[in-house]
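Chains as they are written, first to last, in the working numbering: chain Y, 308 to 857; chain P, 3 to 523; chain W, 142 to 448; chain X, 45 to 361.
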Amino acid sequence: MSETDKPVLLRMRDIHIDGRTEEGWQPIIKGVDLTLHKGEVLGLIGESGAGKSTLGLAAMGYTRDGCRITGGSIEFDGIDLVKATERTRRSLRGRRIAYVAQSAAASFNPAHRLIDQYVEGPVVHRVMSRQEAERDAVELYRRMRLPNPEEIGFRYPHQVSGGQLQRAMTAMAMSCRPDLIVFDEPTTALDVTTQIEVLAAIRDIVAQFDTAAIYITHDLAVVAQMADRIKVLLRGEEVEEADTRTMLSSPREEYTRSLWAVRSHVSPAKPRPAPDAVPVVSVRAVTAGYGRMDVLHNVNFDIHRRRTVAVVGESGSGKSTTARVITGLLPPRQGQILFDGQPLPPDYRQRTREQLRQIQMIYQMADTALNPKLRLRDLIGRPARMYLGLKGKALEERVRELLRLIELEPNEFIDRLPSELSGGQKQRVGIARALAAEPRFVICDEVTSALDQLVAEGILKLLDRLQGELDLSYMFITHDLATVRAIADDVVVMQNGRVVEQGPKDDMFRPPHDPYTELLLSSVPEMDPDWLTRLLAEREKGKAGAAADA
Amino acid sequence: MTDTKFGQVSRRGLIKGATAMTAAGLILPFGAGGALAEPKRGGILRLAQGSGSTTDSYDPATWDSQFVQVLNTARCGFLTEIAPDGSLVGEVAESWEATPDAKVWRFKIRKGITFHSGKDLTAEDVIASINYHRGPDSKSAAKPIVDPIVEITTDGPDVVVFTLEAGNADFPFIMSDYHLAILPANDGKIDPTSSDGCGGYVVESWEPGVTARLRRYENYWKPNRAWFDGIEMTAIHDAAARQNALITGEVDVIDPVDLNTVALLQRAPGIRILSTTGTQHYTFAMDTRQAPFNDNNVRLALKYAIDRQELVDKILNGYGSVGNDHPIGPSQRYFNKDLPQRTYDPDKAKYHLKQAGLDSVSVQLSAADAAFPGAVDAALLYSEKAAAAGINIEVVREPNDGYWSNVWMKKPWSAVYWGGRPTEDWMFTTAYAAGAAWNDSFWDHPRFNELLVAARSELDEDKRRAMYYEMQEIVSNEGGVVVPMFASYVMAMSDRVAHPEQVAANWTLDGFRAVERWWFA
Amino acid sequence: MEVLTTLFWIAVAVSVGMAAGWLFLRVLATALPGRAGRVFRSAPISAGFGMLVILIYLLVAILAPAIAPFSEREVVGGQFLPWDATHLLGTDNLGRDMFSRLVYGARNTVGIAFVTTALAFLLGSVLGLLAAAVGGWLDQVLSRVVDVLMAIPALVFSLLLLTIFGTSVVTLILVIAVIDSTRVFRLARSVGMNIVVMDFIEAARLRGEGLFHLIVREILPNASAPLIAEFGLRFCFVFLTISALSFLGLGIQPPTADWGSMVKENAVLITFGDITPLLPAGCIALLTVAVNFVVDWMLHRASGLKE
Amino acid sequence: MSKIWIMIAKRLGLGVLTLFAISIIIFLATELLPGDLARSILGQSATEETVAAFQRELGLDQPAHVRYAQWLWGAVQGDFGTSLANRRPIADLIGTRLANTMFLAIYAAAIAVPLSLILGIMAALFRNTWFDRGANAVALSAISFPEFFVAYILIFVLAQSGLFPSMARIDSTTTFADALYKTFLPALTLTLVVTAHMMRMTRAAIINLLASPYIEMAQLKGMPPARIILVHALPNALAPIITVIALNLAYLITGVVVVEAVFVYPGLGQLMVDSVSKRDIPVVQAVALIFAAAYVLLNLLADVLATLSNPRLIHPK
């Protein structure tokens with residue numbers, strides 16, 4: 308597997324990059340070396356803020372607005388990208404170094420068809436004529452295993468699903484047959500089942516064209532499948548770099564080991580509730596939807612006191628809609644929500660303040676869930692003031708108490724704005740705001756999916772602890788099975804608005820499964836570098852077997 | 003040249019008097035250069051005026067702006083015409099005579115006048131044209147002046163007889179009013195929408211509020227008139243645009259000229275300013291029925307608190323003369339030369355205030371530029387000067403829109419513009435007689451009223467003069483109107499335009515007749 | 142040659158403006174402690190220039206009686222006197238001191254424009270955000286009413302209203318404010334629409350917050366950037382509206398000096414190449430440019446583009 | 045596409061309702077105006093008797109709601125009546141003026157729209173350079189001068205030197221080329237008045253998108269800056285630009301009374317102002333409805349174009 312005998316394609320020496328903040332220029336990358344050989348795939352891993360993307364983009368001689376390279380050299384195939392003119396750099400970009408962005412949906416121009424965006428590179432760089440490029444596109448679409456490769460290019464981005472877009476973007480990056488592609492978290496925004504297809508397609512095409520790649524991700528299991536070597540970054544500095552298998556089996560640094568250990572948290576099993584216990588919340592035969600479309604079909608499940616119910620499913624499965632029905636934002640067409648056995652009014656506007664107080668919600672995107680113009684004092688204090696009538700000193704004391712509860716130092720944080728917090732801190736504030744109401748039931752909507760794993764783990768531990776201390780029941784909406792494993796007591800698996808399987812966690816992770824649950828479970832990447840190869844082989848075999856059976 | 007016309011009527015003393023009436027005066031300094039060469043035919047006169055509205059029409063009952071007045075004076079004939087020297091001459095009427103009590107008037111209609119349509123002008127046309135303004139259904143602005151006519155009949159094919167309710171020595175003057183155009187009649191009625199007329203110019207096209215094009219009427223009966231081949235009249239409301247049009251040579255004559263910049267305009271090459279002073283005056287009329295204006299001492303105080311010369315200098319830029327609180331101009335026949343000129347005297351103003359038992363007085367003065375150009379500024383200057391006499395004048399700028407219906411004669415004290423009337427009687431009757439529709443000071447003075455009626459039919463020149471002198475004195479000392487200034491009509495024209503040495507001053511643009519009387523040099 | 146001289150003076154003016162703006166920013170950055178100082182340090186020169194101009198205008202407006210040598214209505218000399226030591230900028234058509242009128246004009250014009258715009262924003266943004274927050278029929282009704290009002294040309298509409306209600310300063314302010322508020326409504330509503338779909342609004346609704354809290358505490362603070370930007374533009378347009386109304390004979394009551402009417406009063410002079418009318422017009426233009434420079438900077442900061 | 049037709053139909057329906065509401069508002073407003081046609085025509089010469097006679101003749105003595113109903117009944121049948129002031133059919137009165145107004149509006153738009161788009165795009169391309177700031181400052185200065193003042197300056201500079209006429213007098217005999225020449229100054233004045241707004245919006249709409257991931261993507265594909273602005277940013281910025289263009293076009297049609305007055309241009313604005321001051325209600329109504337209709341239609345057009353410019357709306361999933 309060693310690539311070191313191949314010629315060097317990219318060599319970055321002692322790169323320093325600064326970013327502009329209100330306090331002036333601050334270093335983002337503090338002297339990183341990077342060497343990449345032809346045809347080699349390097350995994351860049353680290354938490355958010357580690358400088359992965361900045362470094363990846365620097366490999367193209369590109370810095371985002373508000374960033375600048377302050378030192379070091381970037382030598383691509385003998386050309387120094389730092390010293391080169393913008394024109395030279397531009398002629399390399401797209402032609403010899405290509406980029407695949409995290410969100411294909413946002414990175415495709417919504418105003419143009421896929422094919423127009425595909426041919427733009429080859430035509431502008433005078434690599435091929437438009438006709439040649441269009442023919443070539445179909446070929447690459449086919450290789451990327453896109454459905455209807457002849458036609459798909461003539462669609463607009465919004466007409467194509469996320470996973471397909473991500474593959475189309477990889478095809479687009481390949482259009483000039485570059486020597487190097489920078490993949491910037493290409494599968495992060497995708498569902499697990501889709502992720503597998505994209506990963507496989509990327510891996511194959513990179514191998515076929517012997518393209519070198521820098522693969523940026525925060526997901527170790529993913530990078531394990533893709534990279535030949537892995538470099539770990541922390542706050543703009545290199546922690547360590549090694550060959551993938553070595554890195555996985557015996558990381559040298561403490562930080563790396565902590566990354567590896569993230570997935571270890573498992574909440575202790577709790578006794579099952581008594582059969583006659585009244586659930587805190589019952590979802591009874593709920594059918595609901597928007598406009599004329601039904602999104603939920605006859606959904607039933609209970610959430611018992613002090614238990615965490617994880618509602619699992621891919622995007623579009625109806626998880627979040629269920630939450631909206633429970634909170635009263637979306638009155639159901641049929642069925643009802645019981646709280647302590649008593650039916651709740653379907654519309655939140657008809658619920659009493661007390662009923663509203665009992666059910667609180669924590670949102671996935673803390674950025675949009677916290678009013679960016681309010682300080683923590685007001686953000687957290689408001690529910691306490693509203694529901695509990697706290698004022699003045701008492702209110703301040705309560706806010707401080709809540710801040711301590713979510714492990715933020717009150718003196719330091721009480722007067723901050725959300726924009727002055729990190730992602731994990733924001734999510735904690737979201738939790739504190741929910742807790743300020745002193746609720747009995749909290750809906751957590753993908754609360755960890757936007758966070759780094761270490762941070763996410765901290766949040767999960769916090770939630771777990773609070774459940775015990777404050778006698779809370781959780782409904783945990785997630786697509787991440789690792790999270791389920793870590794925190795859930797009971798699991799509800801949803802697909803297309805229906806509950807396909809539900810029961811205690813231990814039962815769920817033990818076969819036999821519903822086929823959909825099986826698919827979900829098997830799609831979760833594992834740390835084993837051979838996992839993807841093996842899984843694909845197994846699925847191929849399964850398909851062949853199914854064909855043979857038929 | 004007009005001798006023959008009047009040969010017949012001059013035997014009658016009254017009429018003689020009438021022909022000698024000098025209603026207005028004359029050319030002022032800046033005009034002299036224009037009257038050089040002999041008149042000659044040719045050219046299209048392009049005339050820009052500051053009025054004219056899209057709502058203008060051919061209907062003589064509604065002619066209210068200078069644009070329609072000039073247009074229709076060019077298009078139509080009238081019974082009588084005021085000559086440049088202020089005397090009255092016949093137009094459609096060849097001659098006229100009255101009974102000694104001046105109650106019955108016989109007008110002999112000139113033969114050989116044809117309308118643009120080719121129809122001959124007859125006595126019936128005259129009767130229908132005047133009748134249009136009379137009667138209960140009349141909506142004409144001229145109704146008040148023809149109301150005293152009791153009956154109109156013919157006496158033979160070319161004589162029209164007017165019978166008045168009371169004697170009026172100035173009746174022929176009234177027949178020169180711009181509303182009283184002689185229009186073709188059909189079944190005893192004129193068609194107010196028709197463009198036909200018997201004047202020197204035929205209307206080719208008229209887009210109200212924008213332009214009118216006229217061409218010379220080839221069968222016009224006046225031999226030495228209507229020199230231009232055609233007229234192009236444009237409404238340019240914006241003063242600056244009007245000046246620009248003249249400076250850039252896009253028009254030949256503009257009227258009026260913005261007085262603020264007249265000095266600058268004069269310096270422009272090839273441009274001449276013409277101004278005429280006559281009967282046009284600006285007033286501040288107060289409602290004498292209301293306090294504090296019901297006290298003549300307050301009125302006098304206000305009259306002493308205005309600096310007339312400053313207004314003439316700053317508002318008229320010198321194009322005018324100071325007024326003496328009565329509406330008769332210095333060029334008029336019975337102007338009271340003996341009445342001392344009132345001047346700015348804050349002490350006297352204070353004295354009169356004291357007499358009224360007041361230390362100071364606060365009043366509102368309504369003004370808008372619709373009242374007269376610069377009215378608001380004039381009011382401001384007034385207010386500044388009056389402060390020294392303990393008179394606090396708050397100037398209220400009213401909207402131009404609707405000024406005459408909503409402010410004038412509605413607000414207790416407002417700025418007013420008067421084009422003036424060619425005779426003393428007409429002026430006083432219109433705006434100072436008790437109960438007159440436009441008596442804007444709501445003034446009722448028994449002695450004045452008595453004199454007015456007496457003077458109207460008084461035939462003795464000296465007695466008449468004495469009466470009018472007294473009336474001016476009464477108005478000046480007891481009237482409810484401050485008359486600070488007589489304003490000249492100020493026009494500007496290119497060097498190419500020539501006009502007779504004497505230019506009429508009864509109205510602007512040579513008594514609305516510039517298009518007929520002027521020519522290209 | 143004349144063109145060259147003009148260009149030269151323009152260049153001089155621009156350079157002086159830039160230098161002043163830069164200097165002002167330095168002063169602010171050093172004088173203000175902590176965050177605020179840093180904010181100004183990174184501000185572009187154009188914003189510094191804008192803030193400096195606005196500050197000067199405010200000072201002039203506040204200190205008008207102390208600065209102006211004469212009163213705004215006092216007739217102090219002949220008409221159109223040339224510039225000299227007594228009458229720095231000469232006199233106007235009635236012999237009033239031009240410089241004093243310009244100084245008082247700052248007070249009147251800026252004051253009236255500010256009150257008008259503030260009123261327009263109060264009305265427009267409250268209703269607009271209300272429409273966005275409540276939605277449903279209220280939104281429909283308000284939006285349709287605003288559509289109707291906006292379809293009537295503003296100048297003609299204000300002409301009608303001012304003729305009906307008279308032309309005191311109060312009616313003038315109210316009429317312009319009401320007509321302007323329709324434009325503000327539209328903006329506020331569309332900005333509000335983008336905010337009400339955010340999770341924190343949903344959270345506030347689920348908390349059972351009342352409408353007032355929702356609008357004032359949750360939506361308004363987040364809608365402020367575009368609203369302030371619009372405020373800057375609208376503020377300047379008020380001068381123009383007043384000026385256009387003066388053209389039609391409405392507008393501010395004399396002898397109150399306001400730049401819009403002053404432009405109108407002296408405008409004819411430009412026909413003869415006299416630059417007097419440029420003075421009030423220049424005052425308006427300078428303030429407009431200054432306000433918009435600052436607004437651009439604020440928008441830029443709010444947009445998060447770091448360039 | 046059928047969505048667009050439904051939208052057009054709905055908006056047209058709303059437009060008709062808007063026009064109806066406007067006709068009521070204008071009617072009420074003109075009713076509330078002090079004075080009436082008779083008084084304003086007779087002016088200083090009005091007396092009670094003549095005013096009454098005038099009113100009888102025009103039917104103004106009838107109650108307001110009767111007059112409105114009569115007007116509405118006529119208007120629904122396409123008959124807008126005759127001018128009260130000079131008894132001319134309103135259709136005749138308005139016809140040429142509407143054509144003139146449209147001519148000037150289209151002329152000005154033909155200069156202003158491309159100009160402001162080009163300037164706006166260039167300002168976005170060279171953002172934060174001196175070109176950007178300079179263009180911005182000049183444009184802002186241009187809009188902060190009152191319209192009539194801009195017109196005077198242009199006349200002083202361009203008309204007094206004899207390059208262009210200071211009056212834009214055109215009539216049915218004027219040839220097209222001549223009309224273009226004669227109305228150049230008013231068109232230029234209007235251009236200066238509206239360009240700044242459109243230019244700033246174009247610039248802002250484009251710059252607003254420059255932080256989008258797809259713009260970064262285009263940069264990383266090595267696309268030249270001009271292509272990024274034109275091909276990648278502009279198509280996505282069209283909706284706000286079109287909206288602001290529509291607003292400005294509406295302004296060019298409905299808001300140019302001052303420019304008409306200065307250049308003696310026979311357009312609808314002057315007619316409207318004259319008719320308001322003379323209380324010629326049927327004319328005011330007709331012109332107001334034309335203005336409102338122009339506004340409604342332009343907004344509708346803007347929405348349709350904005351929809352067409354957005355593939356999400358015309359190519360459903």
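Heads up, the beta-carbon is just placed ideally off N, CA and C, and yes, glycines get one too.
If you draw a straight line from the C-alpha of residue i to the C-alpha of residue j, how long is it?
| i | j | result |
| --- | --- | --- |
| residue 810 of chain Y | residue 799 of chain Y | 7 Å |
| residue 184 of chain X | residue 247 of chain W | 19 Å |
| residue 103 of chain P | residue 173 of chain P | 12 Å |
| residue 684 of chain Y | residue 706 of chain Y | 7 Å |
| residue 348 of chain P | residue 307 of chain P | 6 Å |
| residue 462 of chain Y | residue 325 of chain Y | 40 Å |
| residue 778 of chain Y | residue 612 of chain Y | 8 Å |
| residue 191 of chain P | residue 154 of chain P | 14 Å |
| residue 455 of chain Y | residue 500 of chain Y | 20 Å |
| residue 322 of chain X | residue 90 of chain P | 35 Å |
Report, in whole angstroms, the separation of the C-beta atoms of residue i and residue j, which I expect to be a contact under 8 Å.
| i | j | result |
| --- | --- | --- |
| residue 594 of chain Y | residue 605 of chain Y | 6 Å |
So, does the CB of residue i fall closer than 8 Å to a CB anywhere in chain P?
| i | result |
| --- | --- |
| residue 348 of chain W | no |
| residue 306 of chain X | yes |
| residue 200 of chain W | no |
| residue 101 of chain X | yes |
| residue 311 of chain W | no |
Between residue i and chain X, is any beta-carbon pair separated by less than 8 Å?
| i | result |
| --- | --- |
| residue 437 of chain Y | no |
| residue 429 of chain W | yes |
| residue 57 of chain P | yes |
| residue 304 of chain W | yes |
For chain Y, is any of its Cβ atoms less than 8 Å away from the one on residue i?
| i | result |
| --- | --- |
| residue 245 of chain X | no |
From the DSSP output, read off the bridge partner residues of residue i.
| i | result |
| --- | --- |
| residue 681 of chain Y | Its beta-bridge partners do not exist; DSSP assigns none. |
Does any residue of chain W have a CB that is nearer than 8 Å to the CB of residue i?
| i | result |
| --- | --- |
| residue 245 of chain P | yes |
- Using a Cβ cut-off of 8 Å, which residues of the region 225-243 of chain X contact any Cβ in chain P, in chain order? none
- When you check each C-beta in the region 381-409 of chain P against every C-beta of chain X, which residues fall closer than 8 Å? 402, 403, 404, 406, 407, 408
- What residues from the region 169-203 of chain X come within 8 Å of chain W, judged by C-beta to C-beta, listed N to C? 171, 172, 177, 180, 181, 184, 185, 187, 188, 189, 190, 191, 192, 193, 196, 197, 199, 200
- Query: In the region 648-678 of chain Y, which residues sit with their C-beta less than 7 Å from some C-beta in chain W, listed in chain order?
  - Reply: 655, 660, 663, 668, 670, 672, 675, 676, 677, 678
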